[in-house]
Amino acid sequence: MQLFYRESARVRLLALDALPQPEAEEQQALNQWLATKRNFQRNEVASQRWIKTCSAGYITELILHPNGTLEEFTLFKREKTHGEWQLVDGLIELYIEKGDNTYRCAVVANQGSSIHSAIEYKNGELHAYLKLAQMRPA
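Under our numbering, think of the first position of the sequence shown as 106, with each following residue one higher.
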């Protein structure tokens with residue numbers, strides 16, 4: 106629901122406890138939005154490189170390894186961090202540690218594009234709207 110509200114007419118991020126119940130008109134819009142989404146498949150996720158960017162402009166490269174680990178590099182300075190990923194109910198769940206901070210999100214696949222989206226939490230707090238683009242295999 107958070108991602109739906111962010112990607113629909115409401116442009117700000119809403120905390121989970123602030124999410125309204127969709128009214129009839131919004132329910133129809135939600136159903137139309139859901140029709141543009143799909144489940145990720147493991148074979149398209151593992152061993153892939155991704156570009157991740159957030160609404161604040163921070164850009165990184167992610168490598169999702171088949172064993173469930175991930176590496177994240179800042180795009181220009183190539184600073185490296187580690188984390189974990191898993192495929193749960195068609196969503197890619199990411200967990201990344203950077204210093205004292207932890208970041209979590211669930212990436213939702215788009216039907217007609219290789220650019221996908223997520224809502225990110227930093228240390229359990231609502232943090233950013235993300236876009237993740239799958240890179241073509243080398």
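Every residue gets a Cβ at the ideal spot worked out from N, C-alpha and C, and that includes glycine.
Count the other C-beta atoms from every protein chain shown that fall within 10 angstroms of the C-beta of residue i, then say buried if there are 16 or more, exposed otherwise.
i    : result
V193 : exposed
L180 : exposed
A161 : exposed
Based on Cα-Cα distance, which residue from the options lies nearest to residue i?
i    : options                : result
Y70  : M240, D205, R154, A211 : Lying before the first or after the last residue shown, residue 70 is absent from the chain, which here runs from 106 to 243.
L139 : K236, T207, M240, Q216 : Q216
K157 : A129, N228, S219, G229 : S219
F151 : S113, L199, E112       : Looking at the sequence provided, one finds Ala at residue 151 rather than Phe. Selected option, being the one with the closest Cα: L199.
D205 : N228, T179, Q126, Q191 : N228
A214 : C159, G173, E149       : E149
I201 : T174, R183, H221, A223 : T174
T141 : H232, H221, L231, R241 : H221
T207 : H232, Q191, E184       : H232
Q191 : E184, K203, H170       : H170
Can the beta-carbon of residue i be found less than 8 Å from the beta-carbon of residue j?
i    : j    : result
N144 : G195 : yes
E176 : I168 : yes
Q239 : Q146 : no
L235 : W155 : no
A129 : S113 : no
R111 : I224 : yes
Specify the secondary structure class of residue i as computed by DSSP and reduced to three states.
i    : result
E198 : strand
Q137 : helix
N172 : coil
E112 : helix
R147 : helix
Who pairs with residue i in a beta bridge, going by DSSP?
i    : result
E166 : I156, F178
A129 : Looking at the DSSP assignment, A129 forms no beta bridge with any residue, so it has no partner.
Q239 : W155
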